[in-house]
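What follows is a short report on a single structure.
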Amino acid sequence: MKYSNFFLPTLKDVPSDAEIISHKLMIRAGMIKQSSSGIYSWLPLGLLVLKKIEHIVREEQNRAGAIELLMPTIQSSDLWIKSGRYDDYGKEMLRITDRSGREMLYGPTNEELITDIFQSHISSYKDLPKNLYHIQWKFRDEVRPRFGVMRGREFLMKDNYSFDLNEEEAKKSYDIMFKAYIKTFIRMGLTPISLRAETGPIGGNLSHEFQILAKTGESTLYYDKKLESLNPENIDPNELQSFYAAVDDQHDEKNCPIQKKDLKISKGIEVGHIFYFGTKYSEKLNAYIQDQDGKNIPVHMGSYGIGVSRLVGAIIEANHDEKGIQWPTSVAPFKLAIINLMSDDQDCATKSMEYYDYFMKNEIEVILDDRICSVGKKLSDNELIGIPFQIIIGKRDLKNGFVEFKNRLNNKVEKIKVDDVTNFINNKLKI
RNA sequence: CGGGGAGUAGCGCAGCCUGGUAGCGCACCUGGUUUGGGACCAGGGGGUCGAAGGUUCGAAUCCUUUCUCCCCGACCA
211 MKYSNFFLPT LKDVPSDAEI ISHKLMIRAG MIKQSSSGIY SWLPLGLLVL
261 KKIEHIVREE QNRAGAIELL MPTIQSSDLW IKSGRYDDYG KEMLRITDRS
311 GREMLYGPTN EELITDIFQS HISSYKDLPK NLYHIQWKFR DEVRPRFGVM
361 RGREFLMKDN YSFDLNEEEA KKSYDIMFKA YIKTFIRMGL TPISLRAETG
411 PIGGNLSHEF QILAKTGEST LYYDKKLESL NPENIDPNEL QSFYAAVDDQ
461 HDEKNCPIQK KDLKISKGIE VGHIFYFGTK YSEKLNAYIQ DQDGKNIPVH
511 MGSYGIGVSR LVGAIIEANH DEKGIQWPTS VAPFKLAIIN LMSDDQDCAT
561 KSMEYYDYFM KNEIEVILDD RICSVGKKLS DNELIGIPFQ IIIGKRDLKN
611 GFVEFKNRLN NKVEKIKVDD VTNFINNKLK I
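Numbering (the working numbering), first residue to last: 211 to 641.
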């Protein structure tokens, strides 16, 4: 992508209604534009990141055996009346009346719909287990939306639903998702901390929430330091669930089961939540299956959510400095930025185009800053948007046969011989 | 939902107290000079001052109503 063809409206000043750092940076980096309170348009750069996150979530879900489908955003009130949640959800549910007076709603979650889909097609234990998911926009009319996409009213969520014969099988499904969640967040360059959680209005008896560490997080976490250095290739959900982790109001220093030297305290942001809730919805929505004895029993269910759009903000909260965003490479909108400092210098332009063509041909996600503007603006804009690897081409160094390489993740700069650039970058990208 | 704050050019703000027909910085356009850290000079475009009503000869400014947005708290993925 050439910067001059892209749509990337960066801002020097922060709009006054942004408070937290990720919100400010997302606006300044031209990732989002607010449309109403808690509702945002995703501009091209923001959308690229959102898609990256969505892609990782999808891959890990598929790998864990979940099957993707897509349910609508607008639902009829019927199923919600059956489940009893039409009244329970209250004002947080956005209700709409269609032209013939039917009561509709913008889905805040999908337990009802998925249970209905399940029950109309599956009736035998032989078809279990099943785990279905979708990645779809939700709407919850929050009393107080805030913090940009971290707590929007409209938000993108991955939610899936497991169906099992009994509690024991359901726990297996639960653990598979538990493991998939840890892997998902680690792949995004985050440090996930799993906590035993209250089940809340979704109900049930087993639940974990997943927080990621960020200095600016809202909750204070107390946890076993072992949780900070998990090997994603080797996760044992049961072992992991036995590690100590608690939010501040659950943590009691006197009764803490682990030694002080193993206890870490950090701030966190919640990005995922999983529940096992047994037969709560299957009974109400008639999702019964026949077991081996031909007996009709309600199916055991779990639901699992990841806040995809919230993760964009959360990743920024965990990865930024005073100059801007520092994208982990796995979610970066571009892997590489080629910054031509002297757009109207023939040598600089030729050299940057040469690199650009090479990386485009090799399918490296690259953005070429070919804008005609001052050096300072280019460098600071590129710091702001946080592309992890940057090649900076200027007249001064090019004359001597060098360009600069900048690693935005640690801000280290080194000079590279012009002929070594492609190999150098290829090696960096392999890691 | 309780408490607080704010709506004036794309963004950030001043003007409001004390009424006289709107200004600054950035951004944008034109020309020129620049070019390794958000450049400089000159010229230029852009506003029914959130909306409605009222007071007044005259309202961004005073009064009333209303809408929107933000912050703190409670609540929640």
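Positions of the beta carbon are idealized from the N, C-alpha and C atoms, including for glycine.
Identify the continuous beta strand (DSSP E) that holds residue 340 and give its terminal residues. 340-349
Going by Cα to Cα distance, which pick from 523, 453 and 560 is closest to residue 542? 523
Does the stretch 368-378 touch the stretch 395-406, meaning 3 or more C-beta pairs lie closer than 8 Å? no
Three-state secondary structure assigned by DSSP to residue 552: coil
In whole angstroms, what separates the C-alpha of residue 549 from that of residue 628? 14 Å
Do residue 384 and residue 512 have their CB atoms nearer than 7 Å? yes
If you drop the 5 nearest sequence neighbours on each side, which residues of the same chain put their C-beta closer than 7 Å to that of residue 553? 559, 580, 581 and 582
If you draw a straight line from the C-alpha of residue 242 to the C-alpha of residue 313, how long is it? 32 Å
Classification of residue 392 by the beta-carbon crowding that lies within 10 angstroms, buried from 16 upward: buried
Pick from 631, 516, 533 and 608 that is closest to residue 223, judged by C-alpha positions: 533
Alpha carbon to alpha carbon, how far is residue 566 from residue 574? 9 Å
Go to residue 217, then tell me how far its beta strand (DSSP E) extends in each direction, as first and last residue. Looking at the DSSP string, residue 217 is not in any beta strand (DSSP E), and its letter there is neither H nor E.
With distance defined between alpha-carbon atoms, name the residue in 420, 359, 434 and 501 nearest to residue 249. 359
For residue 461, collect the residues of the same chain with a Cβ closer than 7 Å to its Cβ; drop the 5 residues on either side in sequence, then sort them by chain order. 432
If residue 259 and residue 518 are in contact, beta carbons under 8 Å, what's the gap, nearest whole angstrom? The Cβ separation is near 10 Å, so there is no contact.
Taking only three categories from DSSP, how would you classify residue 457? strand
Length of the line joining the Cα atoms of residue 489 and residue 510: 5 Å
Apply the 10 Å Cβ neighbour rule to residue 609 and answer buried if 16 or more other Cβ atoms are within range, or exposed otherwise. exposed
Using a Cβ-Cβ cutoff of less than 6 Å, which residues in the same chain neighbour residue 244 once the five nearest sequence positions on both sides are dropped? 250
So, at 6 Å on beta carbons, what are the nonlocal neighbours of residue 516 in its own chain, with the 5 sequence-adjacent residues on each side left out? 267, 368 and 482
Does the stretch 616-633 come into contact with the stretch 594-605, if we say contact requires no fewer than three beta-carbon pairs (one atom in each stretch) closer than 8 Å? yes
Quick one, are the C-beta atoms of residue 287 and residue 296 less than 7 Å apart? yes
I need the DSSP call for residue 586, collapsed to helix, strand or coil. helix
Determine the direct distance from the alpha carbon of residue 275 to that of residue 415, and round the result to whole angstroms. 24 Å
In angstroms with no decimal places, state the Cα-to-Cα distance between residue 634 and residue 340. 46 Å
For residue 286, which three-state DSSP category applies? strand
Go ahead and pull the three-state DSSP assignment for residue 469. coil
Can you list the beta strand (DSSP E) stretches of 3 or more residues lying completely in the stretch 566-620, in chain order? 576-579, 599-603 and 612-617
According to DSSP, residues forming a beta bridge with residue 476: 431
Can you list, in chain order, the residues of its chain whose CB lies under 6 Å from that of residue 356, leaving out five sequence neighbours each side? none
Beta-carbon within less than 8 Å of residue 530's beta-carbon, same chain only, minus the 5 sequence neighbours each way: which residues are those? 231, 232, 235, 536 and 596
Pick helix, strand or coil for residue 309, following the three-state DSSP scheme. coil
Please state whether DSSP places residue 447 in a helix, a strand or coil. helix
Quick check on residue 405: does DSSP put it in helix, strand or coil? strand
Give me the Cβ distance between residue 302 and residue 351, rounded to the nearest whole Å; I'm assuming they're in contact under 8 Å. 5 Å
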